[in-house]
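**Student:**
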DNA sequence: GCTTGACCTTCCAATGATTGGAAGCCCTAT
DNA sequence: ATAGGGCTTCCAATCATTGGAAGGTCAAGC
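Protein chains in written order, with the working numbering: chain A, 5 to 149; chain B, 5 to 149.
Here it is as structure tokens:
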């Protein structure tokens, strides 16, 4: 099987297969006499493994560790679980961060009339208004500009 | 005020300030006779605007649009609101995606004994097991070791 | 006045994962 | 034999950011 077919069956683009080989994530593929890369069913299984891990948000470095454990028959499932839980923790951290962004933006957007008037709490906040919950405006800082 | 001070007051690194100038996000700063960039209070305010937008996850391109609206006294708040809501929608999409990853991983990790045995549903799933919800296992995995 | 250290300048490179393209070779079918 | 598609390598771009090298400048102390 050549690289195009391997790509089709694994869901990993030919470009990425070459890249993974180049960076050492996967071993060098076999070659035909004319230099074409060849792949076996096992290779495709490995590529699918990579794709699934990638779909779960694992970085390539972590995928390398997962692949090593996958190949290691004497592995401890604790090591796999630890990688998975680190991944979960990382994702949860990002989710919380984004949720906070959404909360702020949503609050600001709801305060925005969204019509043809220029006044907008979103811009006011970005500009550096002291609080998110616009306090009853103290006669203004005086300088407009 | 030179670039280091502007960086300190705005929370945007000097490197990034130069980068933003180079890419046209911000106008070219003034220069002293010897070539040092100089910044005014207004410049710092703009940099803080950028930093806040960045903290809300806006991409630089969107920040450029926000800056343009900020500067446009005749803007329609609807345009600002639209940018904010596109950002909210994008964030929500990513959050949902990540939550789905967490759900899958969490389910798999909970099924993993996490001890010194090699059997691991996480690897089994990555390998391409048919289902995520391990079906009542045919006579059980049986082998301990 | 001169040295020192902290700051500034530009330019180049790397990150991480992926995509795009160009130039050229190979395979297969007509 | 020729056309087309697929393969090869290499180089470049993405996005936002950081790092470093080489060299000029400023302010302070001696």
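Every residue gets a Cβ at the ideal spot worked out from N, C-alpha and C, and that includes glycine.
Every value quoted in this text rests on a predicted model; they were computed, and no experiment measured them.
1. Candidates A:52, A:97 and A:128: which alpha carbon is nearest residue 20 (chain A)'s?
2. Give every residue of the same chain whose Cβ lies closer than 6 angstroms to the Cβ of residue 15 (chain A), excluding the five residues on either side of it in the sequence, and list them in chain order.
3. Just to confirm the assignment, what range does the alpha helix (DSSP H) spanning residue 5 (chain B) have?
4. When the Cα atoms are used, what is the spatial distance from residue 13 (chain A) to residue 132 (chain B)?
5. In the DSSP assignment, find the alpha helix (DSSP H) that holds residue 80 (chain B) and state where it starts and stops.
6. Take residue 153 (chain A) as the anchor and find which of B:81, B:31 and B:27 has the nearest alpha-carbon.
7. Using 10 angstroms around the beta-carbon of residue 31 (chain B), count the other beta-carbons present and answer buried if the total reaches 16, otherwise exposed.
8. Could you say if the region 79–95 of chain B and the region 102–121 of chain A meet the contact criterion of at least three C-beta pairs nearer than 8 angstroms?
9. So with Cβ pairs under 8 angstroms, would you call residue 7 (chain B) a contact of chain A?
10. Assuming residue 17 (chain A) contacts residue 11 (chain A) (C-beta within less than 8 angstroms), just tell me the rounded distance between them.
11. Please name the residue, chosen from B:112, B:98, B:123 and B:68, that lies closest to residue 76 (chain A) on a Cα-to-Cα basis.
12. Taking 8 angstroms as the threshold (beta carbon to beta carbon), is residue 21 (chain B) in contact with chain A?
13. Within 10 angstroms of its Cβ, does residue 106 (chain A) collect 16 or more other Cβ (buried), or is it exposed?
14. Starting from residue 125 (chain A) and walking both ways along the alpha helix (DSSP H), at which residues does that stretch end?
15. Just the chain A side, please: which residues come within less than 7 angstroms of residue 73 (chain B) by C-beta, in chain order?
16. Using beta-carbon positions only, say whether residue 112 (chain A) and residue 73 (chain B) come within less than 8 angstroms of one another.
17. Helix, strand or coil: which one does DSSP assign to residue 55 (chain B)?
18. Determine, for residue 149 (chain B), whether the minimum Cβ-Cβ distance to residues of chain A falls below 8 angstroms.
19. When you compare only the Cα positions, how much space is there between residue 29 (chain B) and residue 66 (chain B)?
20. From the DSSP output, read off the bridge partner residues of residue 34 (chain B).
21. Does DSSP put residue 27 (chain B) in a helix, a strand or coil?
22. In or out: residue 57 (chain B) buried (at least 16 other Cβ within 10 Å) or exposed?
23. Taking Cβ to Cβ, would you say residue 39 (chain A) is nearer than 8 angstroms to residue 95 (chain A)?
**Tutor:** So, from the listed chains and residues:
1. Sequence index remark: in the first chain, residue 20 (chain A) carries index 16 (1-based). Nearest C-alpha to residue 20 (chain A): A:52.
2. Residue mapping note: residue 15 (chain A) aligns to position 11 of the first chain, counting from 1. Around residue 15 (chain A): 55.
3. Here the question's residue 5 (chain B) lines up with position 1 in the second chain. Here residue 5 (chain B) belongs to no alpha helix (DSSP H), and DSSP marks it neither H nor E.
4. As a working note, residue 13 (chain A) is residue 9 in the first chain. As a working note, residue 132 (chain B) is residue 128 in the second chain. Whole-angstrom Cα-Cα distance: 13 angstroms.
5. If you number the second chain from 1, residue 80 (chain B) lands on position 76. No alpha helix (DSSP H) holds residue 80 (chain B); DSSP gives it neither H nor E.
6. Not covered by the structure: residue 153 (chain A). The range shown for chain A is 5 to 149.
7. Within the second chain, residue 31 (chain B) is the residue found at index 27, counting from 1. By the 10 Å Cβ count, residue 31 (chain B) comes out exposed.
8. yes
9. By 1-based counting over the second chain, the position of residue 7 (chain B) is 3. No, no contact with chain A.
10. By one-based count along the first chain, residue 17 (chain A) stands at place 13. By one-based count along the first chain, residue 11 (chain A) stands at place 7. Confirmed, Cβ separation roughly 6 angstroms.
11. By one-based count along the first chain, residue 76 (chain A) stands at place 72. Closest by alpha carbon: B:123.
12. To locate residue 21 (chain B), count along the second chain from 1; it is residue 17. False, the Cβ-Cβ gap to chain A never drops below 8 angstroms.
13. Locating residue 106 (chain A) in the first chain gives position 102, counting from the first residue. Classification for residue 106 (chain A): buried.
14. As a working mapping, residue 125 (chain A) is identified with position 121 in the first chain. Here the alpha helix (DSSP H) through residue 125 (chain A) covers 125–131.
15. Numbered from 1 along the second chain, position 69 holds the residue referred to as residue 73 (chain B). Those within 7 angstroms of residue 73 (chain B) in chain A are 127.
16. Here residue 112 (chain A) is taken as the residue at index 108 of the first chain, counted from 1. Here residue 73 (chain B) is taken as the residue at index 69 of the second chain, counted from 1. No, these two residues do not count as a Cβ contact at 8 angstroms.
17. Translated into the one-based positions of the second chain, residue 55 (chain B) becomes position 51. Residue 55 (chain B) falls in the helix class under three-state DSSP.
18. Along the second chain, one-based indexing puts residue 149 (chain B) at 145. Unreliable placement is indicated for residue 149 (chain B), whose pLDDT of 28 sits below 50; the coordinate value is still reported in the next sentence. No, no contact with chain A.
19. Your numbering for residue 29 (chain B) matches position 25 in the second chain. Your numbering for residue 66 (chain B) matches position 62 in the second chain. Going by the C-alpha atoms only, they are around 10 angstroms apart.
20. If you number the second chain from 1, residue 34 (chain B) lands on position 30. Its beta-bridge partners are B:42.
21. As a working mapping, residue 27 (chain B) is identified with position 23 in the second chain. Coil at residue 27 (chain B), not helix or strand.
22. Here residue 57 (chain B) is taken as the residue at index 53 of the second chain, counted from 1. The residue in question, residue 57 (chain B), is buried, as its Cβ has 16 or more Cβ neighbours within 10 Å.
23. The count along the first chain starts at 1 and reaches residue 39 (chain A) at position 35. The count along the first chain starts at 1 and reaches residue 95 (chain A) at position 91. Going by C-beta atoms, residue 39 (chain A) is not nearer than 8 angstroms to residue 95 (chain A).
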